[in-house]
Amino acid sequence: MTNLPDGIQRREFDGRQRLATRGQPVYGEPTDGEWRCWDAGRSKLGAMLEAGMEIDLVGGEGVLYLGAASGTTVSHVADFAGPTYAVEFAPRPMGDLLDVAEARNNLFPLLKDARKPDTYSHIVESDLDVLVQDVATRGQARVAVDNARFLTDDGQLLLAIKARSEDVTADPETVFDSVCDELTEAYEIIDRQRLASHDDHLGVVARKR
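What the sequence shown shows, in UniProt numbering, is residues 1 to 209, in sequence order.
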């Protein structure tokens with residue numbers, strides 16, 4: 001089972017134990033005092049934690065989050081992490097992401113393309129602890145490899161591979177193997193698991209080489 005950092009707990013919501021972080025609610029999630037339920041059905045990273053993948057978090061990590069969308073998952077990350085840079089390409093969800101960031105002084109939204117890290121390299125720190133990636137694009141491994149520059153020497157990659165974004169016609173397992181093979185250019189893969197609550201997604205934990 002994953003060792004959870006201080007900023008994440010397992011608390012009872014709707015009669016069962018679920019992940020929770022301490023912060024301002026964002027998407028109407030159930031709360032227990034200051035604690036807000038982290039719905040693994042809406043969050044690939046939450047699903048990876050729920051699955052007990054070999055994720056190494058202690059709290060306070062510097063994070064680069066690629067594919068932040070409207071801020072559902074990155075809001076939970078910012079609740080327990082240190083400086084959290086949230087990259088999102090689409091203008092429409094950026095308004096929601098900015099609203100989420102107003103209550104979190106450590107969350108920095110960036111309207112940028114994760115495939116072009118040069119466009120935000122002057123803003124994002126170059127010694128971050130964790131890269132979280134959840135982008136719906138072809139070439140997901142290339143995005144992770146190109147953004148490895150922002151990680152410390154033993155930085156951690158937490159990646160949700162979307163098979164249909166790579167090739168909608170191919171067998172998902174074939175896609176997953178291909179993406180993981182390409183990742184080894186920059187990372188050592190520590191753990192990989194299918195995410196039961198997210199169709200045709202693979203969770204990957206890796207370390208920068």
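Where is the CB? At the ideal position from N, CA and C, for every residue including glycine. Just so it is clear, the structure is predicted and the values come from calculations on it, not from any experiment.
If you reduce the DSSP assignment to three classes, tell me which class Thr21 lands in. strand
How far does the beta strand (DSSP E) with Arg192 in it reach, from first residue to last? 187-194
Tell me whether Asp129 sits in a helix, a strand or coil according to DSSP, three-state version. strand
Among Gln193, Tyr187, Ser197, nearest to Leu131 - alpha-carbon criterion: Tyr187
Below 8 Å between beta carbons: does that hold for Ala81 and Gly60? yes
From what residue to what residue does the beta strand (DSSP E) around Pro109 run? 107-111
What do you reckon, are the CB atoms on residue 237 and Val63 nearer than 8 Å? This structure leaves residue 237 out entirely; the chain is present only between 1 and 209.
Which residues in the same chain as Glu182 place their Cβ atom closer than 6 Å to its Cβ, once the five residues preceding and following it in sequence are excluded? Ala141
For Gly7, count the other beta carbons within 10 Å of its own beta carbon; 16 or more makes it buried, fewer makes it exposed. Which is it? buried
Decide if the region 87-101 is in contact with the region 41-56; the criterion is three or more beta carbon pairs, one per stretch, under 8 Å apart. no
Report the rounded CA-to-CA distance for Thr21 versus Gln9, giving the unit in angstroms. 7 Å
Are the region 191-204 and the region 163-175 touching, with three or more C-beta to C-beta distances below 8 Å? yes
Terminal residues of the beta strand (DSSP E) in which Leu157 lies: 151-162
Is Met1 buried or exposed, if buried means 16 or more other CB atoms sit within 10 Å of its CB? Summary for Met1: the model assigns pLDDT 47, below 50, so the residue's position carries little reliability; its value from the coordinates is reported in the next sentence. Classification for Met1: exposed.
Identify the continuous alpha helix (DSSP H) that holds Thr174 and give its terminal residues. 172-183
Mind checking who Gln9 pairs with in its DSSP beta bridge? Ala20
Around the Cβ of Ala160, are there at least 16 other Cβ atoms within 10 angstroms (buried) or fewer (exposed)? buried
Select from Leu4, Thr119, Ser197, Arg149 the residue whose C-alpha is nearest the C-alpha of Val58. Leu4
Quick one: complete beta strand (DSSP E) runs, 3+ long, within the region 25-93? 35-37, 63-66, 84-88
When you compare the region 26-37 with the region 135-154, are there three or more beta-carbon pairs, one atom per stretch, that lie closer than 8 Å? no
Where Pro25 and Gln133 are concerned, what is the direct C-alpha to C-alpha distance, given to the nearest angstrom? 22 Å
Given a threshold of 16 other Cβ atoms within 10 Å of its Cβ, counted over all protein chains shown, does Lys112 qualify as buried or as exposed? buried
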